[in-house]
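Report on the following structure.
2 protein chains.
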Amino acid sequence: MPVNLIAVQPSDLLPVPGVRVGVAEAGIRKANRRDLTLIELAAGSRVAGVFTLNRFCAAPVQLCKQHIAGGDVRALVINTGVANAGTGEQGLADAHATCVAVGRTLGVAPEQVLPFSTGVILEALPVDRLIAGLPAAHADLREDGWFDAAHAIMTTDTLAKAVSRQVEIGGRTVTLTGISKGAGMIKPNMATMLGFLACDAAVSQALLDALTKEAADLSFNSITVDGDTSTNDSFIVVATGQAGNAEIADPLGSDFHALRDAVIDVSIRLAQAIVRDGEGATKFMTIAVEGGLDVVECRKVAYAIGQSPLVKTAFFASDPNLGRILAAIGYAGIQDLDVGGLRVWLGTAAEEVLVAELGGRAPTYREEDGVRVMKEAEITVRVDLGRGRARATVWTCDFSYDYVKINADYRS
Amino acid sequence: MPVNLIAVQPSDLLPVPGVRVGVAEAGIRKANRRDLTLIELAAGSRVAGVFTLNRFCAAPVQLCKQHIAGGDVRALVINTGVANAGTGEQGLADAHATCVAVGRTLGVAPEQVLPFSTGVILEALPVDRLIAGLPAAHADLREDGWFDAAHAIMTTDTLAKAVSRQVEIGGRTVTLTGISKGAGMIKPNMATMLGFLACDAAVSQALLDALTKEAADLSFNSITVDGDTSTNDSFIVVATGQAGNAEIADPLGSDFHALRDAVIDVSIRLAQAIVRDGEGATKFMTIAVEGGLDVVECRKVAYAIGQSPLVKTAFFASDPNLGRILAAIGYAGIQDLDVGGLRVWLGTAAEEVLVAELGGRAPTYREEDGVRVMKEAEITVRVDLGRGRARATVWTCDFSYDYVKINADYRS
């Protein structure tokens, strides 16, 4: 059961001028399901991306990095079913063949195509079936194709993940629409997280690159379901430049700040949707760490809490288990942390309870207050390290019977 | 159900000349259970220890570090029930009062006593009950008290953990006996791992210190149940010097090598017993990484595999899920790892199957071979990084429904 994740409606999603989206049933791994998505970008679009750091980086990710560096990207092609990871030279050849076929279909060069795959790893991509499905995806291209695409990129996701919003920039209305997928892991292998965000703003390549990196760090790189990192993770931001605003090139200007806020907002909502749909999730946890010397140490503490199986099972049990949270802070790796100086709160939208200070349980803390907070589905753990002004936030979900069941039983 | 961990028998454990052990029921947290252990060391004993790196280091650990630095330790006192962690100044006062009482009982100074506590954290130590239990523990002191002590230090452990062996050094028989406890975590908080190893060898303090550190790294610091680190973890090695061997002071001599091998062997068996008794464990996994540039990167890879919830649930399901293992290697943090150069085997005592090479599935690998290996209770994952001569081994267990159940349900 996703945690407070509502099924997206077609009317929730706004077309982005300069982007057309089509889907098809290519039978990549299973028949009768939409498993192929084609995204066509108008000439002049700018594209930026960030990719997995896993050394078993999949073949399509390797091609994406090359093609995005060349600039002038005109199409994205996404298949589910097979991740084309751990497939060696054949995998690279298959990903390249995909780009050639898409290029031929759309009348662009193979180097102008970014390929994405998600699904089982260590299996060959059935590239013939993928290519055979391209004409149908091509015929389906339309500006309002986002809703179908959000569904076509799903794997173990239980709900499609998509967000649109608009923002005024330089007197023009800029539209942003994004889709994402990922839910912990994917049968029978790793969970790939994919995020695609398109807007029609005009923005310089340098600022788009920087913004994409920042947005990824604050969204997809700030969530954790089980701490594992996929071979295929990718996050792409497209700016078609068709909104008619003056090109944004000043990182200190108000136009950039408006675009930045909107891109980060949409990215965070797309990333949070992945956690809300985390495998077996029953609670959505925000781990907000402040008062650190730098962001790195704040993230260390947030991830230590958010990835601790003991903390996550305690949240599943609605147990305000302060000891497990404090212990996770203690082993997060800040060598000179003065535990006497930190404070910890458990909170909901309605209240916040100080649970720890001065190296132990807060004198004012009553167990029934913690129990009341822990019954909610959305809980914030706020930690003040009391040694600086940096902060970082990580989102995660709890660890349930169903997590083990989903990940242990998939072949039965 | 512990994995291949056999209940220790009293006759398995050898007295160590110079060490007397006694236990008592002090009612620390529950009545009618042995929860207090006293270990008396003869004059002239040498003691070395390594302790948790958790910043929420418990009060007794803080005192231990001070007292062990002063030398001439004559007693260890261990209580279960309450960990005396996250207890601030009162906790330090309580641990100190414990040492004063033990010193008075045995006629030594408080600074010659090392206190250890394991149990719930954030609760005050009932030091009056502990002290009231000391006369009974004192009256119980005997050379063959190890069997009872192995049981008295248990918390969530399902079986006592104890090992003895003898080794010839300089024409004399040296006896080693050790006990340990720990099983993932302890109601309602963190799992404390405690290990106590005593021998009657004569060895210099400098070599004992170095050996204790090395043995801890190769044993208690090479196991993982859930990746969490306790506030109270401690490992102590005692050498009473009563075996009559010439004092070992040459780190290159054969006497030291014999002692070293024996201490490391006993330490590894004590540490492995903790994994075999891991909460909900159904399989015992050895992660052996070789061919690294240094031990640090080998340990990174071994821990990435051994701590991955996806790998651990796959082992629970007896699923030879190669993709999850490769992905864990890929995100272990070796930035310049050439995945094309590594090889991975799954093995049992009877056979070893090459499953991956050249960046993907090994051409010779057949799924039925992997399935056969994964059905065993003891499985080795061997990884050759193919870039150097360093190696490291980590032991872990699988991740089952019962792990979640034990850690989510303890208050029900």
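Taken in order, these protein sequences are the chains called F and E. When we follow the numbering used here, the leftmost residue of the first sequence carries the number 295, and every step to the right adds one. When we follow the numbering used here, the leftmost residue of the second sequence carries the number 295, and every step to the right adds one. Heads up, the beta-carbon is just placed ideally off N, CA and C, and yes, glycines get one too. Quantities reported herein were computed from a predicted structural model and do not represent experimental measurements.
Length of the line joining the Cα atoms of residue i and residue j
i	j	result
GLY586(E)	GLY472(E)	32 Å
THR331(E)	GLU319(E)	9 Å
ILE558(E)	ILE333(F)	60 Å
VAL421(F)	ALA454(F)	25 Å
VAL315(E)	LEU400(E)	13 Å
VAL647(E)	VAL688(F)	40 Å
GLY385(F)	LYS577(E)	34 Å
ARG459(E)	ASP549(E)	16 Å
TRP639(E)	VAL371(E)	45 Å
GLU672(E)	ALA643(E)	8 Å
LEU308(F)	ARG436(F)	12 Å
SER612(E)	ASP544(E)	47 Å
ALA443(E)	LEU564(E)	14 Å
ASP588(E)	GLY682(E)	7 Å
ALA622(E)	SER524(F)	9 Å
ALA377(F)	GLY572(E)	34 Å
GLU417(F)	ALA353(F)	12 Å
GLY634(F)	GLY641(E)	47 Å
ALA393(E)	LEU357(E)	Looking at the sequence provided, one finds Cys at residue 393(E) rather than Ala. Whole-angstrom Cα-Cα distance: 9 Å.
PRO614(E)	TYR625(E)	19 Å
ASP366(F)	LYS507(F)	19 Å
PHE410(F)	THR449(F)	13 Å
MET579(F)	ASP692(F)	7 Å
Cβ pair residue i, residue j closer than 9 Å
i	j	result
ALA430(F)	PHE441(F)	no
ALA342(E)	ASP503(E)	yes
VAL317(F)	THR534(F)	no
LEU512(F)	LEU491(F)	no
ILE599(F)	ALA537(F)	no
ALA395(E)	LEU419(E)	no
ARG655(E)	LEU679(E)	no
GLY489(E)	SER516(E)	no
LEU241(F)	ILE530(F)	Only positions 295 to 706 of chain F appear in this structure, which leaves residue 241(F) out of reach.
PHE345(E)	LEU620(F)	no
ALA582(E)	ARG685(E)	yes
GLU591(F)	ILE628(F)	yes
ALA650(E)	GLY380(F)	yes
VAL402(E)	ARG368(E)	yes
ARG554(F)	ALA446(F)	no
VAL698(F)	TYR597(E)	no
THR467(E)	THR412(E)	no
Buried versus exposed, by CB contacts within 10 Å (16 or more), residue i
i	result
LEU546(E)	exposed
MET295(E)	exposed
VAL313(F)	buried
GLN499(F)	exposed
LEU347(F)	exposed
ALA510(F)	buried
LYS324(F)	exposed
ARG660(E)	exposed
ARG340(F)	buried
LYS669(F)	exposed
GLU561(E)	The displayed chain sequence assigns Ser, not Glu, to residue 561(E). Looking at its Cβ environment, which holds 16 or more other Cβ atoms inside 10 Å, SER561(E) is buried.
THR674(E)	buried
VAL532(E)	buried
GLU383(F)	exposed
SER474(F)	buried
Residues sharing a beta bridge with residue i, DSSP
i	result
TRP639(F)	LEU648(F), ARG676(F)
ARG340(F)	ALA533(F)
PHE441(E)	According to DSSP, which records beta bridges pairwise, PHE441(E) is partnered with nothing at all.
GLN460(E)	THR469(E)
LYS475(F)	LEU488(F)
ASN348(E)	For ASN348(E), which the question treats as bridged, DSSP gives no partner whatsoever.
GLY654(F)	GLU651(F)
GLY333(E)	At residue 333(E) the sequence reads Ile, which differs from the Gly that was named. BP columns for ILE333(E) point to VAL315(E), LEU370(E).
LYS699(F)	Answer is none; LYS699(F) lacks a bridge partner.
ALA684(E)	GLY586(E)
Short CB-CB distance (under 9 Å) between residue i and chain B
i	result
CYS691(F)	In summary, chain B is missing from the structure at hand, where the protein chains are F and E.
Suppose only complete runs of 3+ residues qualify. What are the beta strand (DSSP E) ranges in the region 512-578 of chain F, listed by chain order?
Correct list: 528-533.
Scan the region 297-325 of chain E and note each continuous beta strand (DSSP E) run of 3 residues or more that stays entirely inside, going in chain order.
313-318
Can you list the beta strand (DSSP E) stretches of 3 or more residues lying completely in the region 372-422 of chain F, in chain order?
Those beta strand (DSSP E) runs which fall completely within the region 372-422 of chain F and span 3+ residues are 407-414.
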